[in-house]
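If you read the sequence shown in this note's numbering, its first letter stands for residue 5, the second for the next number, and so on.
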Amino acid sequence: MTQRFSYQTSGYQAMYGLHQYVQGCGLDHGLLELIRLRISQINGCAYCINMHASLAQQNGISIVKIHLVAAWKEANVFTKRELAALAWAEAVTALRDAEVPESVYRLAKAQFSEHELSDLTLAVAEMNAWNRLMIASRTPPEIE
């Protein structure tokens, strides 16, 4: 597959600004990498799956969790906070019936403050935007 265009356009700085905010918002970086990996799996973004699996490990997420994040509902290795974040990330990414189910909101609200939930939602939106940019540009994964 041939790359269509460089994702590092004039809008890149705006995207990177959002990324810097999310990175500094106080949410655990390992947790952020877990949801980034799961969102990228849902969206089928090879570039981002490759990147965030590696970053998750660098940020303290075990290889077991990285391997099982695609089946997080069936795996019993995630904390309650991780489960709530993954459920929220999936619901906000999919927006089935144009809403986030109340049950998912209650689960997330039990683990995150209102401010954290707002930041988590920004993190989900950011990752979805990156996925769309990388998929549309056909940016290949960086293989070491």
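Cβ coordinates follow ideal geometry from the N, Cα and C atoms, glycine included. Because the structure is a prediction, the values reported are computed rather than measured.
_DSSP three-state label for E146, please._
In the sequence shown, the residue the question calls residue 146 occupies position 142. Three-state result, E146: coil.
Query raised in the report: Can you list, in chain order, the stretches of the alpha helix (DSSP H) that have 4 or more residues and sit fully within the stretch 27 to 85?
Result: Listed in chain order, the alpha helix (DSSP H) elements of length 4 or more contained wholly in the stretch 27 to 85 are 33 to 47, 50 to 62 and 67 to 72.
Taking C-beta to C-beta, are M19 and A112 nearer than 8 Å?
-> Within the sequence shown, residue 19 is the residue found at index 15, counting from 1. Within the sequence shown, residue 112 is the residue found at index 108, counting from 1. No, they are not a contact pair.
Exposed or buried, which one is F9 when buried takes at least 16 other CB atoms within 10 Å? Working through the sequence shown from its first residue, we reach residue 9 at position 5. Its Cβ having fewer than 16 others within 10 Å, F9 is exposed.
* Taking Cβ to Cβ, would you say L38 is nearer than 8 Å to L90? -> Stepping through the sequence shown from its first residue, residue 38 is reached at position 34. Stepping through the sequence shown from its first residue, residue 90 is reached at position 86. Against a cut-off of 8 Å, the Cβ pair of L90 and L38 comes out as a contact.
Determine the DSSP secondary structure at T6, reduced to helix, strand or coil. Taking the first residue of the sequence shown as position 1, residue 6 is located at position 2. Assigned with DSSP and collapsed to three states, T6 falls in coil, not helix or strand.
Identify whether G15 lies in helix, strand or coil by the three-state DSSP scheme. To locate residue 15, count along the sequence shown from 1; it is residue 11. The three-state reading of DSSP puts G15 in coil, since its state is none of H, G, I, E or B.
To the nearest angstrom, report how far apart R100 and V128 are at their CA atoms. Along the sequence shown, read from residue 1 onward, the residue named residue 100 stands at position 96. Along the sequence shown, read from residue 1 onward, the residue named residue 128 stands at position 124. The straight-line gap from Cα to Cα measures roughly 15 Å.
Notebook entry, point to check: Taking just the CA atoms, how far does L41 sit from Q62?
Noted result: By 1-based counting over the sequence shown, the position of residue 62 is 58. By 1-based counting over the sequence shown, the position of residue 41 is 37. Each residue's alpha carbon lies about 13 Å from the other.
- Give the range of the alpha helix (DSSP H) segment to which S141 is assigned. Position 137 of the sequence shown holds residue 141. That run of the alpha helix (DSSP H) goes E118 to S141.
For this session: Reducing DSSP to helix, strand and coil, say where L99 ends up.
Result: Counting from 1 along the sequence shown, the entry for residue 99 is found at position 95. Look at L99 here: in three-state DSSP terms it is coil, with no helix or strand label.
Given 8 Å, three or more beta-carbon pairs between the stretch 64 to 73 and the stretch 92 to 99 = A contact is defined here as three or more CB-CB pairs under 8 Å, and the stretch 64 to 73 fails this definition with respect to the stretch 92 to 99.
Cβ-Cβ distance between I43 and M138 below 8 Å = Locating residue 43 in the sequence shown gives position 39, where the first residue counts as 1. Locating residue 138 in the sequence shown gives position 134, where the first residue counts as 1. Contact flag unset, no.
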